[in-house]
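Protein sequences, first through last, are from chains F and C.
Residue numbers for the first sequence follow the working numbering, beginning at 50 and rising by one.
Residue numbers for the second sequence follow the working numbering, beginning at 307 and rising by one.
A short worksheet on the structure shown next.
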Amino acid sequence: MKIDRTEAKRIADLAHLEFDEAALERMAGEMTKILSYIDQLREVDITGFEDVAAGERTPLRDDVPRPPVDRSAVAANAPAFSDDGHFIVPKVIGD
Amino acid sequence: MTDLLQLPWHEARAAASGRELVEASIRAIDALNPKLNAFLHVARDAGEGMPVAVKDNIVTAGMPTTCASKILGRFVSPFDATAVARLRVAGCSVVGKTNLDEFAMGSSTEHSAFGPARNPWDTSRVPGGSSGGSAVAVAARMVPAALGSETGGSVRQPAALCGVVGLKPTYGRVSRNGLVAFGSSVDQIGIVTKTVRECAEILGMIAGHDPMDSTASAHPVDDYAADIEAGVRGLRFGVVREAVGQLEGEVRANFDEALRVLRGGGAIVDEVSVPTIGYAIAIYYIVANAEASANLSRFDGVRYGHRSARAKTLRQVYFESRGEGFGDEVKRRIMLGTFALSSGYYDAYYGRAQAVRAKLRADFEAAFGRFDYLLTPTTPEPAFPIGAKTDDPLSMYLNDIFTAPANLVGIPAIAVPSGFSRSRLPLSLQIMAPRFAERALFRAAGFFERETGYWRELPPLVLA
C-alpha cells in the first residue's frame with residue numbers, strides 16, 4: 050500500500066494533526082514502508098475466523114450515578130476555565 | 307543503606323522500618339538518576355512503606371502524570387489508578403514516576419519528551435521500553451519494585467534488557483482504571499521486580515475485579531507465590547518452533563542453556579508449532595494503533611494539558627495543540643491507526659488484523675492443549691545502542707516480535723533473567739502460560755531463578 054502526500058494529508062485531517070510540508074512527505078514515506086510490512090497479513094487464510102473478530106464485545110457495567118471528580122481539580126488542569134464552571138474555547142463558528 | 311534495596315523485600319522489611327526504606331530509595335534515586343534518567347518525578351514527601359515506582363502513564367493523586375509527553379502539560383490527576391490505590395493499601399509508598407516512551411509507544415524509552423533513560427549495564431545503550439524507567443529503577447536497585455504497562459511487550463522487553471523480572475498478567479487480571487489508554491484490547495498493567503517472589507507478591511496486591519474497569523475480571527485472585535518452590539518435574543514446556551528457528555549466536559546458545567536447566571529439573575521440553583506467531587507484529591501495529599488513534603483523540607487542548615498559544619479558533623486548538631504536543635512516534639501511530647479505521651480501508655486492514663488475531667489465539671489454544679507453558683527468548687537481541695534504531699521505526703517494532711503475541715492473545719507471560727552476553731548485557735527467558743495461570747507461571751519462573759541465580763548480579767554502576 051503506497052501512501053502519497055495527498056493521502057497522508059487526508060489522514061492527518063481525520064486525525065486532527067498538523068504537519069508542515071516536509072513532515073507530511075516524511076510521514077507518507079514511513080507509512081508506506083510500515084504498511085508494506087503489514088501487507089503480509091493478506092497471505093493468511095482467515096477462513097472460519099472472520100466472524101470471530103466481529104463477535105467480540107467489551108462487557109459493560111451498569112450506568113449508575115456516582116460522585117463526580119472535584120470541580121476545582123478539573124479547573125486546575127484546564128487550559129481555560131470559567132468561574133461558573135465551564136471550559137473556555139475560542140469561537141467555534143467562523144473558521 | 308543502599309544495601310537494603312539489594313535484599314529481597316521480605317528481608318528488607320524485616321531489617322528496616324518503612325521510613326528507612328523510603329529514605330534509602332530516595333537516596334539511591336538521587337545518586338543514580340542523573341546518570342540514568344529513570345525518574346521523571348521524585349516524591350520527596352513519600353512518607354513510609356515499601357518503596358515502589360510507578361510508570362508515568364499510570365495516574366497518581368497529587369503527583370504529575372506526563373506520559374512523557376509535552377501534551378499533558380502540568381496535568382495532575384485528581385485520583386489514584388486502582389493498582390496504585392491497592393499498592394498503598396497494602397503498605398507501599400510511591401517514591402516516584404518513571405520515564406517511558408511517549409504514551410508507551412516505543413521499545414527503547416528514546417521516544418520520551420524528557421530524554422532517553424539509560425541502561426544501567428551500559429549507559430550508552432537503551433534500557434528497552436516503553437517501561438524503560440521502571441526496569442532501570444529496579445535494575446539499578448533504586449526501588450524493589452515498579453509498575454509498568456504493556457501493550458506489546460513494554461514490561462517484559464525492558465525487564466529483559468535490564469536483567470530483571472517482568473510480568474505481563476492475563477488481560478483483565480489487573481484493573482486498567484487510571485492507566486492512560488493506548489490499545490484498550492491489549493493494554494495491561496505489569497510488574498517489574500528483582501525476584502520472582504516479589505513479583506508474585508505485588509500481583510497479589512493489585513489483581514482483582516474493579517467496578518471502574520468492566521474488563522477487569524472477577525476470576526478469583528490466587529495465592530500467586532504458593533507454588534514458587536514446587537519445581538518443574540513433569541511439567542510440559544513447548545518451545546515455539548517458528549520463533550526459535552530464526553535465533554542466532556549467543557541468544558540461541560543462552561536459550562538452549564535455559565532449556566537444559568528446565569530439563570535438569572525434570573521438565574518435559576519439546577518443540578511446538580504456533581504457525582501464525584510470525585504475524586504478531588503486523589497484527590499488533592494495526593490493532594493497537596487503531597485503538598490508540600481513538601484513545602488519543604481526547605488530547606485536544608480543551609479539558610487538560612497543552613493548548614497551542616497560536617490557536618485562534620477551535621479547529622486550530624485541536625490541530626495545533628496536537629501538532630505541537632505529540633512527538634513523531636505518537637503521530638506516526640495515530641496516522642497508521644486512523645488510516646486502518648478509515649472508510650475504504652477498514653475491512654482490508656483492521657478487519658483482517660482482527661481475523662488473523664483470532665487465528666493466532668486458536669493456534670495458542672491448540673499449543674496449550676499439549677503444553678503447560680510455551681517458551682521463547684524474551685527479545686531477539688540484547689540492549690542496542692542509543693540511536694541505533696530511531697531512524698527505522700520498523701526495526702524498532704521488530705524488537706517486540708516474541709512479546710507481542712501474549713498481548714494479542716491475552717495470556718500471561720513473564721521475563722526472567724537467563725544470563726549475559728559476551729559483552730555483559732543481560733539476556734532473558736520468556737515463559738508464557740494459559741489465561742489466569744499466573745500461579746503456574748511463577749512456579750516455573752521461580753524454579754528457573756533458583757537454579758540460575760542471575761538476579762544477584764548487579765550492574766557495575768550500582769557497585770561503584
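C-beta: ideal position from N, C-alpha, C; glycine also.
Per-residue burial, residue i [other beta carbons within 10 Å of its own, 16 or more giving buried]
i: F/E79; result: buried
i: C/S579; result: exposed
i: C/H612; result: buried
i: C/H347; result: buried
i: C/G355; result: buried
i: C/K695; result: buried
i: F/D94; result: exposed
i: C/S399; result: buried
i: F/T96; result: exposed
i: F/H65; result: buried
i: C/G759; result: exposed
i: F/H135; result: exposed
i: C/S627; result: buried
i: C/K341; result: exposed
Residue i: contacting residues in chain C (beta-carbon distance under 9 Å)
i: F/T107; result: S490, S491, S520, T521
Chain-order list of residues whose beta-carbon lies under 7 Å from that of residue i (same chain, five-residue window excluded)
i: C/S460; result: A410, G435, S436, S437, G454
i: C/A598; result: F488, G489, R639, I640, G643
i: C/L647; result: A596, S599, Y656
Distance cut-off 7 Å: residue i Cβ against heavy atoms of the ligand GDP
i: C/A410; result: Here there are no bound small molecules, and the ligand GDP is not part of this structure.
Contacts of residue i in chain F (Cβ-Cβ under 8 Å)
i: C/L620; result: V138, P139, K140, V141, D144
i: C/L553; result: The contacting residues do not exist; C/L553 stays about 20 Å from chain F at best.
i: C/P370; result: By Cβ distance, chain F contributes nothing, its closest Cβ being about 11 Å from C/P370, past 8 Å.
Residues that residue i contacts on chain F, provided the C-beta gap is smaller than 7 Å
i: C/R609; result: A127, F136
i: C/F420; result: The premise fails here: C/F420 is roughly 19 Å from chain F at the closest Cβ pair, so nothing lies under 7 Å.
i: C/V662; result: L90, V93, I95
i: C/V623; result: V138, P139
Rounded C-alpha distance that separates residue i from residue j
i: C/P765; j: C/G657; result: 45 Å
i: C/V557; j: C/P683; result: 8 Å
i: C/D300; j: F/A72; result: The structure shown has nothing for residue 300 of chain C, since chain C only spans 307 to 770.
i: C/M307; j: C/R762; result: The predicted model places C/M307 with a pLDDT of 43, which falls under 50 and marks its position as unreliable, so this point remains unresolved.
i: C/E329; j: C/H316; result: 17 Å
i: C/V471; j: F/R54; result: 44 Å
i: C/R663; j: C/V395; result: 37 Å
i: C/V715; j: C/S490; result: 13 Å
i: C/E635; j: C/G412; result: 8 Å
i: C/L700; j: F/D132; result: 48 Å
i: C/L620; j: C/P517; result: 35 Å
i: C/I335; j: C/M448; result: 5 Å
i: C/A594; j: C/A672; result: 24 Å
i: C/V498; j: F/V141; result: 46 Å
i: C/T501; j: C/P314; result: 7 Å
i: C/F726; j: F/D100; result: 45 Å
i: C/A531; j: C/V538; result: 15 Å
Within chain C, partners of residue i - CB distance below 8 Å
i: F/D61; result: The identity of residue 61 of chain F in the sequence shown is Ala, whereas the question assumes Asp. M641, listed in chain order.
i: F/K51; result: What F/K51 touches in chain C: nothing, since even the nearest Cβ is about 12 Å away.
i: F/A122; result: V382, P384
Cβ-based neighbour list, residue i, same chain, cut-off 6 Å, excluding 5 preceding and 5 following
i: C/I512; result: A389, R392, V480
i: C/L402; result: Looking at the sequence provided, one finds Gly at residue 402 of chain C rather than Leu. Excluding sequence neighbours, C/G402 sits near F345, H347, V348, A349, A359.
i: C/V365; result: T371, S383, A387, G484
i: C/A487; result: N601
Cut-off 8 Å between Cβ atoms - residues of its own chain near residue i, not counting five sequence neighbours on either side
i: F/I83; result: none
i: F/D144; result: Since pLDDT at F/D144 reaches only 48, below the 50 mark, its modelled position is unreliable, and no value is offered.
Contacts of residue i in chain C (Cβ-Cβ under 7 Å)
i: F/R110; result: P517, S520
i: F/D119; result: P384
i: F/E99; result: A661
i: F/A71; result: Going along chain C, no residue has its Cβ under 7 Å from F/A71, so there is no contact; the nearest lies around 12 Å.
i: F/K82; result: L700
Anticipated Cβ contact below 8 Å, residue i with residue j, distance rounded
i: F/P139; j: C/A617; result: 6 Å
i: C/E548; j: C/G584; result: 6 Å
i: C/R431; j: C/P691; result: 5 Å
i: C/E744; j: C/P718; result: 5 Å
Interface residues of chain F facing residue i [CB-CB closer than 9 Å]
i: C/R628; result: A64, H65, L66, E67
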